[in-house]
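Protein chains in written order, with my numbering: chain A, 28 to 305; chain B, 48 to 819.
C-beta: ideal position from N, C-alpha, C; glycine also.
Owing to the predicted nature of the structure, the values given are computational and were not obtained by experimental measurement.
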Amino acid sequence: MKQFNYLAPKTLPEALQMLADYKESAVLFNGGTDVVVRLRDRLIAPDYVVDIKHIPGLDDISFDEQNGLTIGACATMNAIGENEAVCKHYPFLAKAALSVGSRQVRNRATCIGNICNASPLADTGTPLLACDAVILAEGPDGRREIPIRDFFIFVRKTSLKPGEIVTAIRVPYIAGAEGVFTKVARRREVDLSTVCATVLRCGDEFRFAFGSVAPTPLRLVKTEELVRGKKPDAALIEQAVELARSEVAPISDVRASKEYRMDIVGLIVRRGLETLAK
Amino acid sequence: MKSVGVSIDRVDGIKKVTGQAKYVDDMKMARMLYAQVKRSPYAHAKILSIDTSEAEKLPGVKSVITGEYYKKRGGLYLEDKNFLAVGTAKFRGEAVAAVAAETLEIAQQAVDLIKVEYEELPAVTNAIEGMKPDAPIIHPDLGSYKVAPIFHPIAGTNISHHFKLRKGDVEKGFAESDYVTEHTYYVPHVQHVPIEPHVAVAQYEADGKLTVWASCQSPFAVRQALAASFDLPLNKVRVISPYVGGGFGAKAGTTLEGIVIPLSMLNCGRPVKLNYTREEEFEDSYVRQGVHIKIKTGVRKDGKILAEKVEYVWDAGAYTEYGVNIVKAAGLAALGPYDIPNAWADSYCVYTNHPVGGPYRGFGMCEIHFGLEQNLDMVAREIGISEVEIRRINGLRAGGITGTGQVLEDSGYQDCLETVVKEMDYDTPSVSPSPTKIRAKGIAGGWKSPSMPTDVASAAIIRMNEDGTFFLMTSGQDIGQGSDTALTQIAAEVLSVDPSKITIRTGDTDHTPYEWQTVASRTTYCAGNAVKLAAEDARDEILDLAQIKMGYGKRDLELRDGFVVHKMHPEIKVPISTFALGLTMPDASGIHGPLIGKGSFVVPNNMGFDHETGQGTKPVAFWTMGVNGAEVEIDTETGEIRVLKMVSCFDPGKVINPKLYDAQVEGAMVQALGTALFEELKLKDGKVLNKSFVDYKIPTADDMPELVVKVAEHAEPTGPFGARGIGEPVMVPGAPAIANAVANALGVRFYRMPITADDVLKALKEKKAQEA
Numbered sequence: 028m029k030q031f032n033y034l035a036p037k038t039l040p041e042a043l044q045m046l047a048d049y050k051e052s053a054v055l056f057n058g059g060t061d062v063v064v065r066l067r068d069r070l071i072a073p074d075y076v077v078d079i080k081h082i083p084g085l086d087d088i089s090f091d092e093q094n095g096l097t098i099g100a101c102a103t104m105n106a107i108g109e110n111e112a113v114c115k116h117y118p119f120l121a122k123a124a125l126s127v128g129s130r131q132v133r134n135r136a137t138c139i140g141n142i143c144n145a146s147p148l149a150d151t152g153t154p155l156l157a158c159d160a161v162i163l164a165e166g167p168d169g170r171r172e173i174p175i176r177d178f179f180i181f182v183r184k185t186s187l188k189p190g191e192i193v194t195a196i197r198v199p200y201i202a203g204a205e206g207v208f209t210k211v212a213r214r215r216e217v218d219l220s221t222v223c224a225t226v227l228r229c230g231d232e233f234r235f236a237f238g239s240v241a242p243t244p245l246r247l248v249k250t251e252e253l254v255r256g257k258k259p260d261a262a263l264i265e266q267a268v269e270l271a272r273s274e275v276a277p278i279s280d281v282r283a284s285k286e287y288r289m290d291i292v293g294l295i296v297r298r299g300l301e302t303l304a305k
Numbered sequence: 048m049k050s051v052g053v054s055i056d057r058v059d060g061i062k063k064v065t066g067q068a069k070y071v072d073d074m075k076m077a078r079m080l081y082a083q084v085k086r087s088p089y090a091h092a093k094i095l096s097i098d099t100s101e102a103e104k105l106p107g108v109k110s111v112i113t114g115e116y117y118k119k120r121g122g123l124y125l126e127d128k129n130f131l132a133v134g135t136a137k138f139r140g141e142a143v144a145a146v147a148a149e150t151l152e153i154a155q156q157a158v159d160l161i162k163v164e165y166e167e168l169p170a171v172t173n174a175i176e177g178m179k180p181d182a183p184i185i186h187p188d189l190g191s192y193k194v195a196p197i198f199h200p201i202a203g204t205n206i207s208h209h210f211k212l213r214k215g216d217v218e219k220g221f222a223e224s225d226y227v228t229e230h231t232y233y234v235p236h237v238q239h240v241p242i243e244p245h246v247a248v249a250q251y252e253a254d255g256k257l258t259v260w261a262s263c264q265s266p267f268a269v270r271q272a273l274a275a276s277f278d279l280p281l282n283k284v285r286v287i288s289p290y291v292g293g294g295f296g297a298k299a300g301t302t303l304e305g306i307v308i309p310l311s312m313l314n315c316g317r318p319v320k321l322n323y324t325r326e327e328e329f330e331d332s333y334v335r336q337g338v339h340i341k342i343k344t345g346v347r348k349d350g351k352i353l354a355e356k357v358e359y360v361w362d363a364g365a366y367t368e369y370g371v372n373i374v375k376a377a378g379l380a381a382l383g384p385y386d387i388p389n390a391w392a393d394s395y396c397v398y399t400n401h402p403v404g405g406p407y408r409g410f411g412m413c414e415i416h417f418g419l420e421q422n423l424d425m426v427a428r429e430i431g432i433s434e435v436e437i438r439r440i441n442g443l444r445a446g447g448i449t450g451t452g453q454v455l456e457d458s459g460y461q462d463c464l465e466t467v468v469k470e471m472d473y474d475t476p477s478v479s480p481s482p483t484k485i486r487a488k489g490i491a492g493g494w495k496s497p498s499m500p501t502d503v504a505s506a507a508i509i510r511m512n513e514d515g516t517f518f519l520m521t522s523g524q525d526i527g528q529g530s531d532t533a534l535t536q537i538a539a540e541v542l543s544v545d546p547s548k549i550t551i552r553t554g555d556t557d558h559t560p561y562e563w564q565t566v567a568s569r570t571t572y573c574a575g576n577a578v579k580l581a582a583e584d585a586r587d588e589i590l591d592l593a594q595i596k597m598g599y600g601k602r603d604l605e606l607r608d609g610f611v612v613h614k615m616h617p618e619i620k621v622p623i624s625t626f627a628l629g630l631t632m633p634d635a636s637g638i639h640g641p642l643i644g645k646g647s648f649v650v651p652n653n654m655g656f657d658h659e660t661g662q663g664t665k666p667v668a669f670w671t672m673g674v675n676g677a678e679v680e681i682d683t684e685t686g687e688i689r690v691l692k693m694v695s696c697f698d699p700g701k702v703i704n705p706k707l708y709d710a711q712v713e714g715a716m717v718q719a720l721g722t723a724l725f726e727e728l729k730l731k732d733g734k735v736l737n738k739s740f741v742d743y744k745i746p747t748a749d750d751m752p753e754l755v756v757k758v759a760e761h762a763e764p765t766g767p768f769g770a771r772g773i774g775e776p777v778m779v780p781g782a783p784a785i786a787n788a789v790a791n792a793l794g795v796r797f798y799r800m801p802i803t804a805d806d807v808l809k810a811l812k813e814k815k816a817q818e819a
């Protein structure tokens, strides 16, 4: 790995200034569970590594019914997964956070890092997508809010602009919502998702968010449309399964075949509808 | 017995759990240089030119070498390997050049600056294709390679060994059979994934002395290989193997040592270190060979197997210097632990442009039993008897005859079978928790012998200190399997002292005595016999001196708890420390001097076999046999397979340390589970697609089933206290037991490992389509 300068700003403006100064030669460093791997594999070779973990307050997790859940950029997966409010109001998000890597990795890895890394199989991507979460970013041009559906652009590409730092993610509170997070992997612990998904019921609406079946985590909007306001009987479930399969575009890779992923998508839609309709 | 058969704590335990044990990677020496390797991006390519000039100019780079620097080939059984490619690169990831530099970073940068021009050649990426007459030839000079006389390379082909087993009249056997079945299987390459990757440091000094610190299983074999490769006398090569972080066979041979030695020679006096990354471990250490298996079986209505014809085609990789012996071992064991009167087996070692195949726990047995044991279940189903019954009928008993024509005086197989049947409550079907979660049980047997030349040797030395404590020296290496502890217990038993009074020292070819290799599940047996002989020699010396001191005949004296004791009058006793430096006589003169026991061992009556038929009186030291049971639960919607329970019963002859025995067996079952469900080196056009733990999965603690370990001890007459080797055999039936359980659950047979969730759903869909 190439030598680099390690910078540890104490305030957000300081961090933003560093990114403005060093531009492409700087990489933002949070939990490091992705950045360190990429450094070691020499996929990136930055001159500056800007560690935002020392900025006070960025690891906060707060909740109230009006504003929903706010997860700070530096909150770790374990902190999220074990947070009382998250467990109570967003248990599917807690489960997703705790499905990432190993306990040791989760002590470092952050949800925001997971989202910014924009892997198609980001485990915390689907619960946030299902909840219509909003990403809060600060940059040279000030603050902005990005709906998560506009955030993922492609594999490892987000709509963040150069020099922007995600400070938090806000997850709206949906009274009475019930959700199920599912991760299917080759191994139950310490593995990447073969398919991950969140199925969420909000009143008479069902939401389906899937990971690892397309270049980005995505919502199955047509399937959602199909079942909205209806009681999912056997016939509708079969229809939904078929439609869901047509909305995803998985690939075959070393982890699984395209066919297997398709089958799992169908299974998750079916199980989700059966479980949540009760 | 006070020490043997007792679960004492590991003698290396405290150092290991406190992190104080020093491994090669912990070694940092003054003026140490760091090596890095340039690797071929092609599966098969002619090396047109290598330009090292830019790399050499980089400040901090000390030396850059290519295969041209040292062209002599080497190898354990077949001299077909260069440490750095010469002329052609034969697998993707093969070392073509190496750098020594002041820092690791500089060495890495230098590697990037080496420019290699290649001309890509057609590659062999399938062993069966590689046997065809029109296949590209990987070693055109095979016919001229130096080879041990027990191996038979076929010049002008990719076949570096063909083992033949011919017993009885196999065609007549098929003709007399009521049912004849034939099936094929494939077992892909897997990697050992020791927790510590390969690492070595070499230092060449001005007086011509070469010292190599290597994480290796067999320092003497490494010394021999390196001395031969670099034309050095053995007294000028010292190989030190300190603590080893797991080997599983991968560290049995010589790999990266050959790269650091020439670099150290070019930088006289400066140690050079090379540490493989996990990725390099997957690509360029050793892998378990892949194998294509074909089994044809003829069976009588009553379940007696009359004939079996098997073919093993091994995908042995680019170099087979070690792999040829795996192919031989598989041939000798070709039928499994079954008494089959007519047999025919061919085992072929085939060069491919894949990573180099080498020894892996089981040495071919885990692979062939994946076919053999599933085959037995299918044969049983065919004739309408249970899978247990067919094993009862055909499993080897005392007086039974092995595939190689050896008459067994004793056999623990049947006891193991019955024990597992009882422990699994095998005849009671599993209860499935739901229609989509199906449970079932499976069973499989297995055997293995130490796959070693017939005359390989072991030695041990034991020295008594002035206070009656001892130093035990051998070169049987503790690679995690617990041999330091077991060997200490054997010595303690003979000397009748507490094991804490003995400190074991291993792994330094300048100071510890000869040991052929720590492989083949032979250390407790071979090194154990040498240790026992050394301890008996020391005991004899003590008693010789004691009869002078005590005035009683030797036959009336024995060692007991640190004393020489009169057998009939135990109150008459003298501490053994009295004799540590010999004996002081009443006139103040001394006799004998310091007490040292020595032991040398080779397997008695282990003889060669007929090369045309594989038949012999005693072609192997012993056979270790046993049986595994497995219960699985399969989610038919996701395809996920969970192993709920595994039971092992083996015949270890005599268990030296029950706690360590259990640990070995538990580890073996979980390792077998890994190969059955997760592990595969995914190869595409010779490229390893999953060369890290991101996509090469091994079991975690979460995947551990309930593990039950049983034994059926039938003493091995030539073993120390009756012990035979168990480290590898206990892994052999694990994967097929799981495969059989899966087949019993789903009614679908899987002919390939690993059995993944993806495979399960696909097979269930096909089954459904067929039924519809």
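Show which residues of chain C have a CB atom less than 8 Å away from the CB atom of residue i.
{"i": "A:Tyr-287", "result": "Among the protein chains of the structure shown, namely A and B, there is no chain C."}
Near residue i, what residues of its chain come up, given a Cβ to Cβ distance below 6 Å and the 5 sequence neighbours on each side ignored?
{"i": "B:Glu-420", "result": "Ala-491, Pro-783"}
{"i": "B:Gly-255", "result": "Lys-283"}
{"i": "A:Ala-224", "result": "Thr-153, Thr-209, Phe-237, Ile-295"}
{"i": "A:Thr-60", "result": "Val-132, Arg-135, Ala-136"}
Tell me the DSSP secondary structure of residue i in three-state form.
{"i": "B:Met-778", "result": "helix"}
{"i": "B:Asn-389", "result": "strand"}
{"i": "A:Glu-111", "result": "helix"}
{"i": "A:Met-28", "result": "coil"}
{"i": "B:Met-511", "result": "strand"}
{"i": "B:Ser-96", "result": "strand"}
{"i": "A:Leu-227", "result": "strand"}
{"i": "A:Ala-204", "result": "coil"}
Taking only heavy atoms of the ligand SAM into account, decide whether any of them is closer than 7 Å to the Cβ of residue i.
{"i": "B:Asp-514", "result": "Absent from the structure shown: the ligand SAM. Ligands present: none."}
Rounded to the nearest angstrom, how far is the Cβ of residue i from that of residue j, given a contact under 8 Å?
{"i": "B:Ala-154", "j": "B:Tyr-81", "result": "5 Å"}
{"i": "B:Ala-147", "j": "B:Val-319", "result": "5 Å"}
{"i": "B:Val-171", "j": "B:Ala-182", "result": "6 Å"}
Leaving out five residues on either side along the sequence, give the residues of the same chain with a beta carbon under 8 Å from the beta carbon of residue i.
{"i": "B:Glu-101", "result": "Leu-160, Ile-161, Lys-162"}
Could you name the residues of the same chain whose beta carbon sits closer than 7 Å to that of residue i, not counting the 5 residues immediately before and after it, in chain order?
{"i": "B:Leu-353", "result": "Gly-220, Glu-223, Ser-224, Gly-345, Val-346, Arg-347, Pro-388, Asn-389"}
{"i": "B:His-186", "result": "Asp-127, Tyr-398"}
{"i": "B:Asn-314", "result": "Leu-80, Lys-109, Ser-110, Ala-147"}
Let me know if residue i comes out buried or exposed under the rule of 16 or more other beta-carbons within 10 Å of its beta-carbon.
{"i": "B:Ile-802", "result": "buried"}
{"i": "A:Asp-218", "result": "buried"}
{"i": "A:Cys-143", "result": "buried"}
{"i": "B:Val-478", "result": "exposed"}
{"i": "B:Thr-113", "result": "buried"}
{"i": "B:Val-307", "result": "buried"}
{"i": "B:Met-632", "result": "exposed"}
>> I want to know whether the region 286-300 of chain B touches the region 92-105 of chain B - three or more CB-CB distances under 8 Å.
In response: no
> Is the region 243-253 of chain B in contact with the region 412-427 of chain B, if contact means three or more CB pairs nearer than 8 Å?
Replying inline: These segments do not touch.
>> Any contact between the region 445-453 of chain B and the region 722-742 of chain B? By contact I mean 3 or more CB pairs, one from each, below 8 Å.
In response: Contact between the region 445-453 of chain B and the region 722-742 of chain B is absent: fewer than three C-beta pairs spanning the two stretches fall below 8 Å.
> Just checking, does the region 87-95 of chain A make contact with the region 163-174 of chain A on the three C-beta pairs under 8 Å criterion?
Replying inline: Contact between the region 87-95 of chain A and the region 163-174 of chain A is absent: fewer than 3 CB-CB pairs across the two stretches fall below 8 Å.
>> Between the region 116-135 of chain B and the region 51-65 of chain B, can you find at least three pairs of beta-carbon atoms closer than 8 Å?
In response: No: fewer than three Cβ pairs fall under 8 Å.
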